Amino acid sequence: MPILRQIAQLGQPVLRNVAEKIARPDDPAVQSLIDDMLVTVADANGVGIAAPQLFESLSLFIVAPYPNSRYPHAPAMEPAAMINPEILWVSDEMEKGWEGCLSIPGLRGLVPRHKRIAVRYLDRKGELREAEYEGFLARVFQHEFDHVQGVVFIDRLENTRELMTEKEYLRSVQSHA
Ligand code: NI
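For the sequence shown, counting from 1, position 115 maps to 114 in numbering that gives the first Met the number 0; every step adds exactly one.
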């Protein structure tokens with residue numbers, strides 16, 4: 000049975016390590032970690048979560064956007080586990096968008112990201128997948144990819160004035176909806 004895991008909060012050293020590649024995606028420990036990540040990210044209303052956020056320094060994350068109370072305008076996508084992810088190409092064009100993080104509760108920041116990216120990863124069956132993402136999906140992938148490199152979204156802010164509390168953020172998106 001999958002279990003809800005505790006989410007590492009900013010300050011935990013595991014969030015600042017470069018995660019290790021996974022040698023065997025079919026390892027039962029990796030498969031049960033993926034199951035735990037899926038229930039943990041859904042319970043927390045997240046749109047993605049990376050293994051280091053569950054105190055596992057492994058190159059693995061879940062991308063699982065859907066519209067919810069934390070991200071009312073997110074697109075919906077079947078949750079996908081991405082193992083040993085790589086970014087193959089990025090657009091020169093950047094786009095700023097508001098991000099939050101389950102490891103940094105209560106804050107949102109306006110983060111510049113590449114608008115389009117091409118990526119490669121192993122799915123949970125160990126099959127090699129290639130994909131292109133743009134907009135919100137590209138943003139979620141880049142945010143989670145940062146986590147397996149030991150980087151968090153506040154590192155990428157251009158200006159601390161582009162931070163706000165989650166409460167004010169949600170108030171502003173509701174008033175513009
Ligand atoms: Ni995060």
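For every residue, glycine included, the Cβ atom is placed at its ideal position computed from N, Cα and C.
Note that the structure is predicted; figures quoted are calculated from it, not measured.
Give the DSSP bridge partners of residue i, in chain order.
{"i": "Pro111", "result": "Lys95"}
{"i": "Tyr168", "result": "None, per the DSSP bridge assignment."}
{"i": "Ala7", "result": "DSSP lists no partner for Ala7."}
{"i": "Phe60", "result": "Ala49, Met81"}
{"i": "Tyr120", "result": "Arg128"}
{"i": "Glu133", "result": "Arg115"}
{"i": "Glu19", "result": "Leu57"}
Take residue i and list the residues in its own chain whose beta-carbon comes closer than 8 Å to its own, dropping the five residues that flank it on each side.
{"i": "Ile2", "result": "Asp35, Val38"}
{"i": "Val151", "result": "Leu9, Leu14, Cys100, Ser102, Ile103, Asp145"}
So, for residue i: in the same chain, excluding its five sequence neighbours on each side, which residues have a beta-carbon less than 7 Å away from its beta-carbon?
{"i": "Phe144", "result": "Pro84, Ile86"}
{"i": "Gly99", "result": "Arg69, Leu106, Arg107, Glu165"}
{"i": "Ala130", "result": "Val118"}
Can the beta-carbon of residue i be found closer than 7 Å to that of residue j?
{"i": "Val139", "j": "Val62", "result": "yes"}
{"i": "Ala18", "j": "Leu53", "result": "no"}
{"i": "Leu9", "j": "Ser102", "result": "yes"}
{"i": "Val13", "j": "Ala7", "result": "yes"}
{"i": "Gly149", "j": "Asn16", "result": "yes"}
{"i": "Met93", "j": "Pro111", "result": "yes"}
{"i": "Pro64", "j": "Val46", "result": "yes"}
{"i": "Ile153", "j": "Tyr132", "result": "no"}
{"i": "Leu109", "j": "Glu161", "result": "yes"}
{"i": "Pro104", "j": "Val172", "result": "no"}
Starting from the C-beta of residue i, find all residues in its chain whose C-beta is less than 6 Å away, skip the five residues before and the five after it, and write them out in chain order.
{"i": "Ala49", "result": "Phe60, Glu143, His146, Val147"}
{"i": "Gln141", "result": "Arg112"}
{"i": "Met163", "result": "Arg107"}
{"i": "Arg155", "result": "Val110"}
{"i": "Gly134", "result": "none"}
{"i": "Leu169", "result": "none"}
Taking residue i and residue j to be in contact with their CB atoms under 8 Å, please state how far apart those CB atoms are, rounded to whole angstroms.
{"i": "Ala80", "j": "Asp122", "result": "7 Å"}
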